[in-house]
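A.B. asks: First, the structure itself, so that you have it in front of you.
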Amino acid sequence: MFSDLSNRLLTGTYKERMDHIAAESGKYEYTCNFKYEGILAEEILTEELRNILRGGKVLDVGCGHGEYTNSWSDYAEEVVGYDMTEGFIETANKNKKPNVRYVVGNTKDGLGLPFPTDYFDVVYTKKGPTSWFPEGNRVVKPGGTILLLYLYNWLSDIGDYYKGWIEPNSNGAETLNIINERLAKSGFENIKTKTIEEIAYIPTPEDVINYIFFGQSKKFIDYVKEQHLEKVQRQFEKYAHDKGTDRGIKVTNYYCLIHAKASS
0 MFSDLSNRLL TGTYKERMDH IAAESGKYEY TCNFKYEGIL AEEILTEELR NILRGGKVLD
60 VGCGHGEYTN SWSDYAEEVV GYDMTEGFIE TANKNKKPNV RYVVGNTKDG LGLPFPTDYF
120 DVVYTKKGPT SWFPEGNRVV KPGGTILLLY LYNWLSDIGD YYKGWIEPNS NGAETLNIIN
180 ERLAKSGFEN IKTKTIEEIA YIPTPEDVIN YIFFGQSKKF IDYVKEQHLE KVQRQFEKYA
240 HDKGTDRGIK VTNYYCLIHA KASS
């Protein structure tokens, strides 16, 4: 069992934690390195979008710092990124292409999406929120495309090797039920869901710490490395010996990729 560090952890609402990440780095991206086996879920989403986008107007809900949003500028007439974190949008605006714009907002505030009815041809989210679904049906043209990628479960021995720091596994069934319930109330039509299994390895003890404490302050993570890296490394080496792999600690992520159409 690893030391209880809960009294040192940053807490608060999801938005407060995103604001903290934005203040530290300006970006929403893992500081943990991964080694992947096979195709990534994001690569599948990207290929799907390439097949769908034929000009028109595109909305990215939960766009973060806009790097992925910006990549679609050559595929659309207009690309709009929407996110609740001002710091991420500030970063996005520094690098945006001419036909890309970014909007700050939060669909959990009850005000809805700040866009005209039937404005977009395609809306997508890459591990973003679900609270915008009903509004998504409004702002997308009738028959327009909705493409959603969500991480709903993960499995790994990391929870057994670092007890006290991370839960053994996530509750995938509960997460998937929430997504499906909100989809059912969205008004979307022709909903089709595909499961994607993504295998990743956490390659070093330092990456284990970065993975477990993603979103915490750099000062805190430096403290954990200074005080606990040796113990983390012993567990890491034991895992590699027991499992007979030099790739690191295996994490299997389960995503759902959802296709839908806006109601006619």
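In numbering that gives the first Met the number 0, the protein residues as written are 0 to 263.
Ideal placement from N, C-alpha and C gives every residue a C-beta, glycine not left out.
Source: prediction; values computed, not measured.
(1) How about Ala266 and Asn252: are their beta carbons less than 8 Å apart?
(2) Give a yes or no on whether the C-beta atoms belonging to Lys140 and Ala261 are separated by under 8 Å.
(3) DSSP three-state call for Ala239: helix, strand or coil?
(4) Could you round the C-beta distance between Ile220 and Phe235 to whole angstroms and report it? I think they count as a contact, below 8 Å.
(5) Is Asp159 near the ligand ATP, judged by its Cβ being under 7 Å from some heavy atom?
(6) What number of angstroms, rounded off, separates the C-alpha of Thr124 from the C-alpha of Leu146?
(7) Between the stretch 200-213 and the stretch 26-34, are three or more C-beta pairs nearer than 8 Å?
(8) According to DSSP, is Glu267 helix, strand or coil?
(9) CB-CB under 6 Å to Leu58, same chain, minus the five flanking residues each way: which ones, in chain order?
(10) Using a threshold of 8 Å, state whether the C-beta atoms of Leu182 and Phe132 are closer than that.
(11) Excluding the five sequence neighbours on either side, which residues of its own chain have a C-beta within less than 6 Å of the C-beta of Tyr185, listed in chain order?
(12) So what does DSSP say about Glu166, is it helix, strand or coil?
(13) Using a Cβ-Cβ distance under 8 Å, would Ile20 count as near chain D?
(14) Can you round the beta-carbon distance between Asp156 and Tyr238 to whole angstroms, since I take them to be within the 8 Å contact cut?
(15) Is it buried or exposed, Tyr151, if we count other Cβ atoms within 10 angstroms and call 16 or more buried?
(16) Please state the DSSP three-state secondary structure of Ala259.
(17) Which two residues bound the contiguous beta strand (DSSP E) that contains Lys34?
(18) In chain order, what are the residue ranges of uninterrupted beta strand (DSSP E) at least 3 long that sit wholly in the stretch 61-92?
(19) Tell me whether Asp59 sits in a helix, a strand or coil according to DSSP, three-state version.
(20) Cβ atoms of Tyr81 and Ala91: under 8 Å apart, would you say?
(21) Using the DSSP secondary-structure output, state which residues sit across from Asn152 in a beta bridge.
(22) Ala172: buried (16+ other C-beta within 10 angstroms of its C-beta) or exposed?
(23) Please classify Tyr13 as buried or exposed, where buried requires at least 16 other C-beta atoms within 10 Å of its C-beta.
C.D. replies: Answer, in terms of the structure:
(1) This structure leaves residue 266 out entirely; the chain is present only between 0 and 263.
(2) yes
(3) helix
(4) That belief does not hold up - the Cβ atoms of Ile220 and Phe235 are roughly 16 Å apart, past 8 Å.
(5) Ligands are entirely absent from the displayed structure, and the ligand ATP is therefore not among its contents.
(6) 7 Å
(7) yes
(8) Outside the displayed span of the chain (0 to 263) sits residue 267, for which this structure offers no information.
(9) Val79, Phe119, Val122
(10) yes
(11) For clarity, residue 185 is Ser in the given sequence; the question names Tyr instead. Answer for Ser185: Phe132, Pro133, Asn136, listed in chain order.
(12) coil
(13) The structure shown contains no chain D; it holds only a single protein chain.
(14) 7 Å
(15) buried
(16) strand
(17) 34-36
(18) 77-82
(19) strand
(20) no
(21) Tyr253
(22) exposed
(23) exposed
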